[in-house]
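There are 2 protein chains.
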Amino acid sequence: MKNIRMIVSYDGTSYNGFQTQPSGNTIQDVLESAIRALSNEDIRIIGSGRTDAGVHARGQVINFQTNSRIPAERWTYAINARMPEDIVVIHSDEVPPEFHSRHSAKRKTYQYTIDTNQYPDVFHRRYRVHHYAPLHVPAMREALNALVGEHDYTSFASPQSTQPSHVRTIYEARLADGDGRLDIFVTGNGFLYNMVRIIAGTAIWVGEGKMKAQDIPSILVQKDRTKAGPTAPPQGLTLLQVEYPE
Amino acid sequence: MKNIRMIVSYDGTSYNGFQTQPSGNTIQDVLESAIRALSNEDIRIIGSGRTDAGVHARGQVINFQTNSRIPAERWTYAINARMPEDIVVIHSDEVPPEFHSRHSAKRKTYQYTIDTNQYPDVFHRRYRVHHYAPLHVPAMREALNALVGEHDYTSFASPQSTQPSHVRTIYEARLADGDGRLDIFVTGNGFLYNMVRIIAGTAIWVGEGKMKAQDIPSILVQKDRTKAGPTAPPQGLTLLQVEYPE
Numbered sequence: 002m003k004n005i006r007m008i009v010s011y012d013g014t015s016y017n018g019f020q021t022q023p024s025g026n027t028i029q030d031v032l033e034s035a036i037r038a039l040s041n042e043d044i045r046i047i048g049s050g051r052t053d054a055g056v057h058a059r060g061q062v063i064n065f066q067t068n069s070r071i072p073a074e075r076w077t078y079a080i081n082a083r084m085p086e087d088i089v090v091i092h093s094d095e096v097p098p099e100f101h102s103r104h105s106a107k108r109k110t111y112q113y114t115i116d117t118n119q120y121p122d123v124f125h126r127r128y129r130v131h132h133y134a135p136l137h138v139p140a141m142r143e144a145l146n147a148l149v150g151e152h153d154y155t156s157f158a159s160p161q162s163t164q165p166s167h168v169r170t171i172y173e174a175r176l177a178d179g180d181g182r183l184d185i186f187v188t189g190n191g192f193l194y195n196m197v198r199i200i201a202g203t204a205i206w207v208g209e210g211k212m213k214a215q216d217i218p219s220i221l222v223q224k225d226r227t228k229a230g231p232t233a234p235p236q237g238l239t240l241l242q243v244e245y246p247e
Numbered sequence: 002m003k004n005i006r007m008i009v010s011y012d013g014t015s016y017n018g019f020q021t022q023p024s025g026n027t028i029q030d031v032l033e034s035a036i037r038a039l040s041n042e043d044i045r046i047i048g049s050g051r052t053d054a055g056v057h058a059r060g061q062v063i064n065f066q067t068n069s070r071i072p073a074e075r076w077t078y079a080i081n082a083r084m085p086e087d088i089v090v091i092h093s094d095e096v097p098p099e100f101h102s103r104h105s106a107k108r109k110t111y112q113y114t115i116d117t118n119q120y121p122d123v124f125h126r127r128y129r130v131h132h133y134a135p136l137h138v139p140a141m142r143e144a145l146n147a148l149v150g151e152h153d154y155t156s157f158a159s160p161q162s163t164q165p166s167h168v169r170t171i172y173e174a175r176l177a178d179g180d181g182r183l184d185i186f187v188t189g190n191g192f193l194y195n196m197v198r199i200i201a202g203t204a205i206w207v208g209e210g211k212m213k214a215q216d217i218p219s220i221l222v223q224k225d226r227t228k229a230g231p232t233a234p235p236q237g238l239t240l241l242q243v244e245y246p247e
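Residue numbers (the working numbering), protein chains in the order written: chain Y, 2 to 247; chain W, 2 to 247.
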């Protein structure tokens with residue numbers, strides 16, 4: 002039995018998110034169907050975590066157990082021949098039996114991208130949220146900095162979250178100010194349901210002056226979702242990287 | 002009567018090219034339909050030139066004559082409210098009556114983008130052509146340089162071209178070597194049918210070693226389409242900019 006790991010990149014626009022669900026049409030469904038066809042086994046894959054409908058990934062990590070004789074590195078080539086054009090496996094390797102793409106993950110990095118051009122850039126409309134209006138970047142940076150550390154992020158999680166604990170650690174939350182775009186990069190040891198989208202929505206509110214960066218510590222302490230900003234739209238979000246111990 | 006000019010950006014993936022044609026579904030159709038609805042006039046727009054099905058634009062230029070009282074600068078806002086998400090007007094202004102977006106154009110610049118990653122970048126798949134294989138960049142640059150100047154480009158035009166003369170001037174043809182991508186930028190006083198795509202296809206052949214950069218002068222002299230490389234796929238091509246006299 003081999004434990005195969007894959008790094009998967011996808012444009013989530015047309016899918017109901019990563020994880021299998023009753024309404025179908027998920028990234029997991031597409032991957033499992035191809036892996037089953039190649040291995041002739043009833044394989045279930047494990048993803049590093051869900052991504053919502055419309056959310057993208059550059060470096061989603063999955064793993065699965067197989068008796069297939071396909072060499073680990075060969076899986077990439079084999080599976081890509083069966084992928085639609087919006088899902089690409091960019092790497093595959095064999096990992097120790099105990100590797101679990103979700104439980105073993107140590108750090109995840111997400112990117113949230115805002116198109117700040119006066120009129121939307123049509124070439125990135127599926128991957129950026131258009132927001133034309135002056136955004137106060139230093140205030141947004143200050144708000145993001147205030148979120149770094151170990152905190153209970155209940156105020157920044159969907160009330161639908163079923164996690165027993167809402168304590169997580171954000172190692173870094175930074176804003177890159179580019180040509181017609183703002184990119185928020187958030188790295189943490191784990192994220193709650195909608196957490197990065199709520200962080201992005203809150204940063205945008207701070208940038209618009211609807212909320213103050215200095216209020217973030219108090220918002221965290223209140224553990225009340227209604228105190229933070231709105232949940233920013235899914236299409237601006239990309240799971241960039243999942244890191245594991247060496 | 003005002004002469005209104007607009008700069009238009011579009012993702013050409015879903016259209017049968019810029020120019021109105023019997024099968025419909027063109028960029029021109031969409032623009033004219035919105036302009037007619039706003040002006041209540043039977044307006045025809047003039048584009049700086051055609052773009053093929055699947056070809057994109059960042060800076061297509063159009064103009065039209067109207068008696069509408071909509072202020073020139075206000076057109077951008079008005080028309081974007083009626084545009085699908087893959088067409089955006091990024092600028093509008095009033096120009097002198099004699100301005101003609103095709104006849105007045107002095108220089109056009111096209112970009113052709115090749116995705117050189119081992120596996121295609123899903124986020125740019127609609128705007129780049131995937132080509133994973135070592136491409137010899139210095140040879141490609143030499144080939145592009147050999148195309149600069151005033152030449153008869155019959156060897157680099159579709160045999161379907163109906164232009165009376167195939168003499169054009171290329172001012173610049175350069176290759177930018179980026180992170181997982183190659184960009185060919187070609188600036189000229191005008192381009193023949195499929196010309197930039199044939200230049201791109203030829204540059205790729207030179208990069209693959211299927212053709213030599215030193216052969217370009219002889220290919221030009223022969224005025225024979227079969228001597229140049231293939232016509233590269235449309236989705237890699239973007240009309241970047243059209244320039245006019247001050």
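Glycine included, C-beta positions come from ideal geometry on N, C-alpha and C.
Since we're looking at a predicted model, the values are computed, not measured.
Taking only beta-carbon positions, decide if residue i is within less than 9 Å of chain W.
i: N81(Y); result: yes
i: T203(Y); result: no
i: R59(Y); result: yes
Can residue i and residue j be called in contact, C-beta distance under 9 Å?
i: T203(W); j: P231(W); result: yes
i: I171(W); j: V149(W); result: yes
i: L183(W); j: V123(W); result: no
i: S93(W); j: W76(W); result: yes
i: F157(W); j: R226(W); result: yes
i: L1(Y); j: F186(Y); result: Residue 1(Y) is absent from the model: chain Y starts at 2 and stops at 247.
i: I91(Y); j: V9(Y); result: yes
i: G162(W); j: N190(W); result: Correcting the residue type first, residue 162(W) is Ser in the shown sequence and not Gly. Contact flag unset, no.
i: Y111(Y); j: V168(Y); result: no
i: H104(W); j: I115(W); result: no
i: I205(W); j: M141(W); result: yes
According to DSSP, is residue i part of a helix, a strand, or is it coil?
i: G150(W); result: strand
i: D43(W); result: coil
i: K109(Y); result: strand
i: E99(Y); result: coil
i: I71(Y); result: coil
i: S162(Y); result: coil
i: Y120(W); result: coil
i: S24(Y); result: coil
i: D225(W); result: coil
i: D53(Y); result: coil
With which residues is residue i paired in a DSSP beta bridge?
i: F65(Y); result: I5(Y)
i: I115(W); result: V130(W), L183(W)
i: E173(Y); result: T188(Y)
i: L240(W); result: A58(W), Y111(W)
i: G48(W); result: I63(W)
i: I88(W); result: Y11(W)
i: D178(Y); result: L183(Y)
i: S93(Y); result: M7(Y)
i: V207(Y); result: Beta-bridge pairing links V207(Y) to no other residue.
Kindly say whether residue i, judged by its beta-carbon, lies nearer than 9 Å to any beta-carbon of chain Y.
i: E74(W); result: no
i: H152(W); result: no
i: T77(W); result: yes
Residue i CB to nearest chain C CB: under 9 Å?
i: Y172(Y); result: In the structure shown, chain C cannot be found, because the protein chains are Y and W.
- Message: Please identify, using Cβ separations under 9 Å, the residues of the stretch 109-143 of chain Y that lie next to chain W, in order along the chain.
- Response: N118, Q119, Y120, P121, D122, V123, F124, H125, R126, R127, Y128
- Task: Taking only beta carbons into account, state which residues of the stretch 8-38 of chain W come closer than 7 Å to chain Y, listed in chain order.
- Result: S10, Y11, D12
- Task: Can you give me, in chain order, the residues of the stretch 83-109 of chain Y that have a beta carbon less than 8 Å from any beta carbon in chain W?
- Result: E86, D87, I88, V89, V90, I91
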